[in-house]
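Which chain is which? The protein sequence lines are R and L, in order.
Take 1 as the starting number for the first sequence in this note's numbering and just add one per residue.
Take 1001 as the starting number for the second sequence in this note's numbering and just add one per residue.
Cβ coordinates follow ideal geometry from the N, Cα and C atoms, glycine included.
Heads up: the structure comes next, in structure tokens.
There are 2 protein chains.
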Amino acid sequence: MSKDVTVDQMLSAFEAAGMRTTRPRRAMAEQLVAWGAKEKEFSSEDLWHAVQEKAPWVGRATAYRTVQLLQDLGFLDRVTFADGTERYHVVAAGHEHHHHLTCEMCHRIVPVEACIAPAAFEAMAQQSGFAISGHRLEIFGRCPDCQDDAHSC
Amino acid sequence: MSKDVTVDQMLSAFEAAGMRTTRPRRAMAEQLVAWGAKEKEFSSEDLWHAVQEKAPWVGRATAYRTVQLLQDLGFLDRVTFADGTERYHVVAAGHEHHHHLTCEMCHRIVPVEACIAPAAFEAMAQQSGFAISGHRLEIFGRCPDCQDDAHSC
DNA sequence: GCTGCTCTTGACACTAGGTATCATTTCGTG
DNA sequence: CACGAAATGATACCTAGTGTCAAGAGCAGC
Chain R
1 MSKDVTVDQM
11 LSAFEAAGMR
21 TTRPRRAMAE
31 QLVAWGAKEK
41 EFSSEDLWHA
51 VQEKAPWVGR
61 ATAYRTVQLL
71 QDLGFLDRVT
81 FADGTERYHV
91 VAAGHEHHHH
101 LTCEMCHRIV
111 PVEACIAPAA
121 FEAMAQQSGF
131 AISGHRLEIF
141 GRCPDCQDDA
151 HSC
Chain L
1001 MSKDVTVDQM
1011 LSAFEAAGMR
1021 TTRPRRAMAE
1031 QLVAWGAKEK
1041 EFSSEDLWHA
1051 VQEKAPWVGR
1061 ATAYRTVQLL
1071 QDLGFLDRVT
1081 FADGTERYHV
1091 VAAGHEHHHH
1101 LTCEMCHRIV
1111 PVEACIAPAA
1121 FEAMAQQSGF
1131 AISGHRLEIF
1141 GRCPDCQDDA
1151 HSC
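If you want it as structure tokens, here you go:
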């Protein structure tokens, strides 16, 4: 059972990394916690707009910078959709390595555990001589709600 | 042993799809064949610039449109690199479903066969109720030549 | 509580990469 | 060769994001 992250956890992580706990960072953390890890997906621009309602003094550049930091700190996950757009979602605490199954219609996100077998990575490292450092797997489809809709045009 | 594609093959594919074999399309096909499938990677912009040297009358929009078409026709493969940039490369004829292992330093591309087991796809379709329509897998690392370089800063 | 140093911010100009529009050109069929 | 549709090139525009920098605000030490 994965728990949602708290504002304090995010701010503590900033401190732990030697960064300051500023007002914009707090405002953005609050918005993220309000959204929670409920499969909610958003772009940096979305988050900026949402934060603006309660903290209109937050600048766009700051919003983008903070999203980047939160991703580095492991609180946000970047997800690629079938249409090529990139968005983020809040990582539920304790979620280990996983990938995403996304709906190409409504952008719903479902985390999945499936991944390449470690043996396969080793095999390709051997064959190619590469030092493998990471990978991304994105799976696309239509969620149950969107399969009925004939919005295929 | 996979063979490189020819200009005629590309132009025939356009015709077969009910499209015309125009001068810009020919010019771009020629540039692509000149590059070949030799792990060469390029952006639409790169291709446009290259084509301009021999056919300066080709417009930017046309270059982008043609790259899109060639991708739809299966002659080009879109590859995502570790830094998030998207580029293309020429698909060698007869290459079936595959993914790419890319060098995060020099952008070298190695095709790999490894993929998720079909059973895993079925399992996640069952669990989630999604109708799965596609996926992308990108693997990042450093090629043998770039492992020595201490360009880590 | 005040000082001062540094990190961070907000404003804004700018860029990369790509798309929409539309009058003009050019295929290729008849 | 003439014609209609498809394709083009020029251009304006767009999205998503980055670089710059003077001004502001945390936080440590006093």
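Apart from the 5 residues on each side of it in sequence, residue 1131(L) sits with its Cβ closer than 8 Å to the Cβ of 1125 in its chain, given in chain order. Residue burial is scored here from C-beta neighbours: residue 1045(L) has fewer than 16 other C-beta atoms within 10 angstroms and is therefore classed as exposed. Annotation for residue 140(R): 82, 102 and 104 place their beta carbon closer than 7 Å to its own, counting only its chain and skipping 5 residues before and after. Looking at the DSSP output, residue 38(R) shares a beta bridge with no other residue. Residue 134(R) has its alpha-carbon roughly 18 Å from the corresponding atom of residue 111(R). For residue 1103(L), there is no enclosing alpha helix (DSSP H); the residue is part of the beta strand (DSSP E) that begins and ends at 1099-1103. Around the beta-carbon of residue 34(R), fewer than 16 other beta-carbon atoms lie within 10 Å, marking it exposed. Nearest Cα to residue 121(R) within the set 1043(L), 1100(L) and 1129(L): 1100(L). Along the stretch 20-93 of chain R, the alpha helix (DSSP H) occurs as fully enclosed runs of 4 or more residues at 23-35, 44-54 and 60-72, listed in sequence order. Boundaries of the beta strand (DSSP E) harbouring residue 1140(L): 1131-1142, taken from the DSSP string. Residue burial is scored here from C-beta neighbours: residue 1061(L) has fewer than 16 other C-beta atoms within 10 angstroms and is therefore classed as exposed.
DSSP lists 1100(L) as the beta-bridge partner residues of residue 1111(L).
Judged by DSSP secondary structure, residue 1008(L) falls within the alpha helix (DSSP H) whose first and last residues are 1007-1016.
Residue environment analysis places residue 29(R) among the buried positions, since at least 16 neighbouring C-beta atoms fall within 10 angstroms of its C-beta.
Fewer than three pairs of CB atoms, one per stretch, sit closer than 8 Å, so the stretch 50-64 of chain R makes no contact with the stretch 4-15 of chain R. Of all residues in the stretch 60-78 of chain R, none has a C-beta nearer than 7 Å to a C-beta of chain L.
Not a single CB atom of chain R sits nearer than 8 Å to the CB of residue 1106(L). In the assembly as shown, residue 1068(L) is an exposed residue. Its beta-carbon has fewer than 16 other beta-carbons within 10 Å. Judged by beta-carbon spacing, residue 41(R) lies within the 8 Å limit of residue 89(R), meaning their Cβ atoms are closer than that value.
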